[in-house]
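Residue 379 in my numbering is what sits at position 349 of the sequence shown, and the numbering runs on without skipping anything.
Each residue gets a CB set at the ideal place from its N, CA and C atoms; glycine is no exception.
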Amino acid sequence: MPRLWAGIDAGKTHHHCVAIGEDGKRVLSRRIANDESELLALVADVLSAADGDEVLWATDLNQGGAALMISVLVDNGQPVLYISGRTVHHASRTYRGDGKTDAKDAGIIADQARIRRDLQPIRSGDEIATDLRLLSAHRTDLVCDRTRAFNRLRATLLEYFPALEAAFDYSQRKGALVLLTKYQTPDGIRRAGASRITAWLRKQGTYSPAAIAEAAIEAANRQHTTVNGQKTAAMLVERLAAEILRLTGEIEETERLIEARFREHEHAEILLSIPGFGPLLAAEFVAVTGGTITNYESAGRLAGVAGVAPVPRDSGRITGNHHRPKRYDRRLLRACYLSAQTAAMHCPVSKSYYSRKRAEGKSHKQAILALARRRINVIWALLRDGTTYDQRGLAAPLPA
Numbered sequence: 031m032p033r034l035w036a037g038i039d040a041g042k043t044h045h046h047c048v049a050i051g052e053d054g055k056r057v058l059s060r061r062i063a064n065d066e067s068e069l070l071a072l073v074a075d076v077l078s079a080a081d082g083d084e085v086l087w088a089t090d091l092n093q094g095g096a097a098l099m100i101s102v103l104v105d106n107g108q109p110v111l112y113i114s115g116r117t118v119h120h121a122s123r124t125y126r127g128d129g130k131t132d133a134k135d136a137g138i139i140a141d142q143a144r145i146r147r148d149l150q151p152i153r154s155g156d157e158i159a160t161d162l163r164l165l166s167a168h169r170t171d172l173v174c175d176r177t178r179a180f181n182r183l184r185a186t187l188l189e190y191f192p193a194l195e196a197a198f199d200y201s202q203r204k205g206a207l208v209l210l211t212k213y214q215t216p217d218g219i220r221r222a223g224a225s226r227i228t229a230w231l232r233k234q235g236t237y238s239p240a241a242i243a244e245a246a247i248e249a250a251n252r253q254h255t256t257v258n259g260q261k262t263a264a265m266l267v268e269r270l271a272a273e274i275l276r277l278t279g280e281i282e283e284t285e286r287l288i289e290a291r292f293r294e295h296e297h298a299e300i301l302l303s304i305p306g307f308g309p310l311l312a313a314e315f316v317a318v319t320g321g322t323i324t325n326y327e328s329a330g331r332l333a334g335v336a337g338v339a340p341v342p343r344d345s346g347r348i349t350g351n352h353h354r355p356k357r358y359d360r361r362l363l364r365a366c367y368l369s370a371q372t373a374a375m376h377c378p379v380s381k382s383y384y385s386r387k388r389a390e391g392k393s394h395k396q397a398i399l400a401l402a403r404r405r406i407n408v409i410w411a412l413l414r415d416g417t418t419y420d421q422r423g424l425a426a427p428l429p430a
């Protein structure tokens with residue numbers, strides 16, 4: 031058993047550490063900078079206070095500003111537990127006083143680590159999993175930025191040229207975005223003419239330039255009124271179209287980096303053999319799980335973290351009442367849900383299971399979640415045994 035429990039309320043530039051003993055009394059309370067030298071000095075002082083006994087550390091962040099601190103602790107052989115900020119917030123209500131300080135939060139973290147047995151240790155994932163987590167997060171940011179740019183583009187076009195806004199699905203037609211980088215107004219499109227626009231689009235390497243030019247000319251011929259602010263709006267549309275094209279290129283480059291890095295992982299072949307997993311979704315699964323299933327005690331624990339395992343809500347004579355968990359990893363749920371949804375459309379075994387659940391009266395979402403839970407067992411077994419998925423073996427009739 032540890033003699034000291036050290037709780038760290040992590041921040042961007044500074045952390046606050048509180049160490050308590052077996053009786054819950056504070057042994058150390060210190061504010062330290064997010065700097066390697068100060069963190070090493072803190073570890074040395076806490077270990078000195080423990081007088082050779084084990085110290086159990088806990089923190090409310092497991093990445094971001096706490097990354098250096100966790101690395102320092104792990105490199106020095108110190109066990110670190112993770113307690114979420116939400117858990118700390120709710121636990122603070124059971125402690126005396128309504129005030130909130132970093133020192134109080136750190137003390138609560140240390141005390142929760144002392145009395146609770148369900149906190150998960152922080153295990154640093156392998157280098158590939160860390161790279162995939164960073165790349166996947168960057169890709170998500172780029173996709174969100176592109177979606178916002180699409181919405182602004184359509185709203186601005188609708189302001190002065192609604193016919194052109196309705197002429198294309200700009201999220202699917204790259205050539206239409208290329209068109210907007212040079213031609214944005216009705217009169218400008220009419221002056222250029224179909225042949226000139228087609229020749230320019232073909233020079234830019236767009237697909238079906240003649241069809242795009244024809245649709246643009248048709249939209250321009252339906253509007254001869256100049257709306258106030260057209261010049262400024264056209265300038266904004268040109269910039270937004272160029273920004274979307276830039277973001278699209280950066281997203282594609284990031285996806286290539288993700289796939290190339292993912293294929294270097296030891297579990298890449300196994301995950302890609304499972305129906306529903308492509309390189310990007312499998313890379314996200316590896317990033318969230320840290321690259322190994324040893325971070326979880328069982329397939330049930332992995333399903334619980336993913337939020338696909340129903341939890342009971344029984345009371346008195348009411349039994350068998352289940353509901354979805356409220357605490358789960360949303361990134362892991364996304365990877366499991368989307369892969370199950372794809373498998374339900376293309377994998378015969380998954381499609382059969384999904385149809386059976388729908389026949390039982392389950393909604394689409396409930397059936398997909400049930401399939402995702404079932405697939406967790408398969409994924410766990412494959413990663414545990416180091417074998418790839420063989421659909422032929424599952425499709426074969428079972429022996430009597």
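Once the 5 residues before and after Lys-387 are set aside, which same chain residues still bring their CB inside 6 Å of it? Reading the sequence shown from its first residue, position 357 is the one you call residue 387. Contacts found: Ala-397 and Ala-400.
In or out: Asp-90 buried (at least 16 other Cβ within 10 Å) or exposed? Against the sequence shown, residue 90 aligns to sequence position 60. Per the 10 Å Cβ criterion, buried.
Just how far apart, CA to CA, sit Ala-80 and Arg-123? As a working note, residue 80 is residue 50 in the sequence shown. As a working note, residue 123 is residue 93 in the sequence shown. Distance between the alpha carbons of Ala-80 and Arg-123: 29 Å.
Three-state secondary structure assigned by DSSP to Gln-150: Looking up residue 150 in the sequence shown gives position 120. DSSP places Gln-150 in strand when its eight states are reduced to three.
Local conformation of Thr-89 per DSSP, three classes: The residue you call residue 89 lines up with position 59 of the sequence shown. Residue state, collapsed to three classes: strand.
So Val-173 packs on Ile-281, CB below 8 Å; how close in whole Å? Locating residue 173 in the sequence shown gives position 143, where the first residue counts as 1. Locating residue 281 in the sequence shown gives position 251, where the first residue counts as 1. Yes, Val-173 and Ile-281 are in contact; Cβ-Cβ is about 6 Å, under 8 Å.
Looking at the structure shown, is His-433 part of a helix, part of a strand, or coil, going by DSSP? No statement about residue 433 is possible, as the shown extent of the chain runs from 31 to 430 and does not include it.
Leaving out five residues on either side along the sequence, give the residues of the same chain with a beta carbon under 7 Å from the beta carbon of Ala-249. On the sequence shown, position 219 is the one that residue 249 refers to. Ala-193, Leu-194 and Ala-197.
Within 10 angstroms of its Cβ, does Ala-389 collect 16 or more other Cβ (buried), or is it exposed? Locating residue 389 in the sequence shown gives position 359, counting from the first residue. Its Cβ having fewer than 16 others within 10 Å, Ala-389 is exposed.
Measuring CB to CB, does Gly-205 end up less than 8 Å from Leu-231? Your numbering for residue 205 matches position 175 in the sequence shown. Your numbering for residue 231 matches position 201 in the sequence shown. Yes, they are a contact pair.
How should Gly-306 be labelled, buried or exposed, when 16 other C-beta atoms within 10 angstroms of its C-beta is the threshold for buried? Within the sequence shown, the letter at position 276 stands for residue 306. Buried, by the Cβ-count rule.
Within the same chain, show all residues whose beta-carbon is closer than 8 Å to that of Gly-259, passing over the 5 residues directly before and after it, in chain order. Counting from one through the sequence shown, the residue named residue 259 turns up at place 229. The answer, listed in chain order, is Glu-189 and Tyr-190.
Leaving out five residues on either side along the sequence, give the residues of the same chain with a beta carbon under 7 Å from the beta carbon of His-376. Numbered from 1 along the sequence shown, position 346 holds the residue referred to as residue 376. Once the five neighbours on either side are set aside, the close Cβ partners of His-376 are Pro-305.
Using 10 angstroms around the beta-carbon of Thr-43, count the other beta-carbons present and answer buried if the total reaches 16, otherwise exposed. Here residue 43 is taken as the residue at index 13 of the sequence shown, counted from 1. Under this definition Thr-43 is an exposed residue.
Can you look up Arg-116 in the DSSP assignment and give me helix, strand or coil? What you label residue 116 is simply residue 86 of the sequence shown in a count that begins at 1. The answer is helix: DSSP assigns Arg-116 an H, G or I state.
Cβ of Asp-156 within 8 Å of Cβ of Gly-321? Mapped onto the sequence shown, residue 156 falls at position 126. Mapped onto the sequence shown, residue 321 falls at position 291. Taking 8 Å as the Cβ cut-off, Asp-156 and Gly-321 qualify as a contacting pair.
Going along the chain, which residues of its own chain have a beta-carbon closer than 7 Å to the beta-carbon of Ala-133, five neighbours each way excluded? In the sequence shown, the residue the question calls residue 133 occupies position 103. Once the five neighbours on either side are set aside, the close Cβ partners of Ala-133 are His-46, Val-48 and Ser-59.
Excluding the five sequence neighbours on either side, which residues of its own chain have a C-beta within less than 7 Å of the C-beta of Ala-402, listed in chain order? The residue labelled residue 402 in the question sits at position 372 within the sequence shown. Cβ within range, chain order: Val-338, Cys-366, Tyr-367 and Ala-370.
What residue does the beta strand (DSSP E) around Arg-60 start on, and which one ends it? Counted from its first residue, the sequence shown places residue 60 at position 30. Note, Arg-60: beta strand (DSSP E), 56-63.
Roughly how many whole angstroms lie between the Cα atoms of Ser-345 and Gly-54? Residue mapping note: residue 345 aligns to position 315 of the sequence shown, counting from 1. Residue mapping note: residue 54 aligns to position 24 of the sequence shown, counting from 1. Ser-345 and Gly-54: Cα-Cα distance of roughly 34 Å.
How is the alpha helix (DSSP H) around Ala-96 delimited, first residue to last? As a first step, residue 96 must be located in the sequence shown, where it is residue number 66. Neither: Ala-96 is in no alpha helix (DSSP H) and is coded neither H nor E.
Supposed contact pair Ile-38 and Ala-136 - C-beta distance, whole angstroms, cut 8 Å: Locating residue 136 in the sequence shown gives position 106, where the first residue counts as 1. Locating residue 38 in the sequence shown gives position 8, where the first residue counts as 1. Indeed they touch by this definition, with Cβ atoms about 6 Å apart.
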